[in-house]
Amino acid sequence: FVLWQAGGALLSEAREQRNNESTMHRVFQALPAGIGWWAVFGIVLVFLVWSARTDFLYIVLLVAGLYALLARVRQDDPEPQAALLLAIVGIAVLFAGDFAYLRDVFDNSPLYRMNTVFKLMYQAWILLAIAAPFSVFLIGKSLRKLQSRVPYIVWYASAVVLAVGLAVYPIEGVASQAPAMPSPSTLDGLQYVRDVAPHEYAAINWVRQHTAPTDVVAEAYGGDYWVSGLDSSPNKMSALSGRPTLIGWPGSHEALWRGDFGGGADAVAAGAMLTQREGDVRTLYTSTDAQTAIKLIRQYRIAYVYVGPFEQTTYGGSPAGLQKFKTFLVPVVQFPYVTLYKVPASLLKG
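Mapping the sequence shown onto this note's numbering, position 194 (from 1) lands on 189, and the numbers just tick up by one.
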């Protein structure tokens, strides 16, 4: 589509009477005869022999797209210009990702560009996915004006074949995952929790319905992703209720997005903060001293303390530490292996 627009802009400029006054026309006139074919041959040759030809393709498309956009900027066809602009920006985003990256905890490792590529791909996909259908339609509309219908039929037949090929993954991908799911297919993200861990779902649902959005709910922190089901998954309460907690994934997302990398005063401060919170959560659940726990509750303005399967698995080596909450907190949700405690207002004011 970009090359089609650039070629159309060249033809349009060549047909206009003012082409003798245009800069592009003077440039082309100064070039040797047949140089266009040599340029095409050179570009094809580069694609065949240069291992980094993707970047070269980006450059060709950016130059062609910008020329087409600038050459037709005064024409009354805003729709093709809008699609062309979306394509140019999408290509530029992909091109930028090959030369610049966001420094994070993966810096100086083989994964140093992972999050940059991960995030930029989403933006480029949205831009190009909007421009692509219109591009197919616009080229097909132009081919339809030709005397022969063969190019028109071949174009749309190729587009349909490509679309069907691209549709294989979402169809087969969903079907391949369905047998592994314990719940029926649904758009309800909590259906899985409701079916697999109904008691935890009840606690999460209670928090969503009876607490303020700013109420801090203490829960155990843990690693990155679920290992073997809900029992081994941390931060369910915070993630599924939207309520703040003391710390989430300290080794990955917390360190990643709070700047705990690269050295410097800010990195040291962020690292110290994360380490401090990890220790305070561990102390809150394992200490047998009620006053120590109360001090931490007041420090972080904790409104609720959650004790579920993951907390019992993580801090079960200190049963007395978990049992102490019964002496000064009020259970508002209580099931086997699941208890949600409310911190009395008088305790926070003490």
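Even for Gly, the Cβ is constructed at its ideal location relative to N, Cα and C.
Here the structure is a predicted model, which is why all the values come from computation and not from measurement.
What is the rounded straight-line gap between the Cα of residue i and the Cα of residue j?
i: I125; j: G85; result: 10 Å
i: L(-2); j: L182; result: 40 Å
i: E306; j: A264; result: 28 Å
i: S282; j: S104; result: 38 Å
i: F90; j: I38; result: 18 Å
i: S180; j: A192; result: 17 Å
i: A63; j: Y107; result: 36 Å
i: L80; j: A34; result: 25 Å
i: G243; j: A66; result: 52 Å
i: A82; j: E167; result: 29 Å
i: K319; j: L251; result: 34 Å
i: T287; j: V169; result: 49 Å
i: A4; j: A127; result: 19 Å
i: L57; j: L43; result: 20 Å
i: A215; j: H194; result: 17 Å
i: P146; j: Y187; result: 50 Å
i: K290; j: D190; result: 37 Å
i: M109; j: L122; result: 20 Å
i: Q142; j: F36; result: 29 Å
i: S7; j: R144; result: 23 Å
i: A119; j: G92; result: 10 Å
i: E273; j: S233; result: 16 Å
i: Y164; j: R98; result: 32 Å
i: V100; j: L61; result: 36 Å
i: F(-4); j: F94; result: 25 Å
i: R139; j: S153; result: 15 Å
i: G184; j: S228; result: 16 Å
i: Y117; j: A162; result: 18 Å
Leaving aside the five residues before and after residue i along the sequence, list all residues of the same chain whose C-beta is less than 8 Å from its C-beta, in chain order.
i: I292; result: A213, L279, V300, V338, L342 and L343
i: V41; result: R48 and F51
i: G237; result: R203 and P208
i: L317; result: Y280, V302, E306, Q307, Y310 and G311
i: R296; result: V211 and L343
i: K231; result: V188, E195, I199, E214, L225, G303 and F305
i: I54; result: F90
Does DSSP put residue i in a helix, in a strand, or in coil?
i: P75; result: helix
i: F323; result: coil
i: A288; result: helix
i: Y62; result: helix
i: L335; result: strand
i: F42; result: helix
i: I242; result: coil
i: Q329; result: strand
i: Y96; result: coil
i: A213; result: strand
i: A207; result: coil
i: A250; result: helix
i: A192; result: coil
i: Y299; result: strand
i: G259; result: coil
i: Q0; result: helix
i: D275; result: helix
i: T270; result: helix
i: N103; result: coil
i: L235; result: helix
i: D183; result: coil
i: Q307; result: helix
i: V344; result: The question names Val, but residue 344 is Lys in the sequence shown. Residue state, collapsed to three classes: helix.
Short of 6 Å in beta carbon distance, which residues of its chain neighbour residue i, apart from the five on each side in sequence? Order them along the chain.
i: A198; result: V328, V333 and L335
i: W201; result: V328
i: Q0; result: A63 and L79
i: P239; result: V211
Assuming residue i and residue j form a contact by the criterion Cβ under 8 Å, report the distance between their Cβ atoms to the nearest whole angstrom.
i: L269; j: E249; result: 6 Å
i: A78; j: S130; result: 6 Å
i: P75; j: L133; result: 6 Å
i: G218; j: G246; result: 7 Å
i: A59; j: T206; result: Actually they are not in contact, since the Cβ atoms of A59 and T206 sit about 56 Å apart, beyond 8 Å.
Using C-beta distances below 7 Å, list every residue in its chain close to residue i, excluding the 5 sequence neighbours before and after it, in chain order.
i: T322; result: A285
i: Y151; result: G135
i: Y96; result: Y107, R108 and T111
i: V325; result: Y336, K337 and P339
The ligand SAM and residue i: does the residue's C-beta get closer than 7 Å to at least one heavy atom of that ligand?
i: G274; result: In the structure on display, the ligand SAM does not appear, and there are no ligands present to speak of.
Original post:
With contact counted as at least three CB pairs below 8 Å, one residue from each stretch, are the segment 309 to 328 and the segment 265 to 285 in contact?
Top reply: Enough Cβ pairs lie closer than 8 Å, so yes.
**OP:** Would you check if the segment 150 to 160 and the segment 113 to 123 touch, i.e. whether three or more CB-CB distances between them fall below 8 Å?
**Re:** Below 8 Å, too few C-beta pairs join the segment 113 to 123 and the segment 150 to 160 to call them touching: fewer than three.
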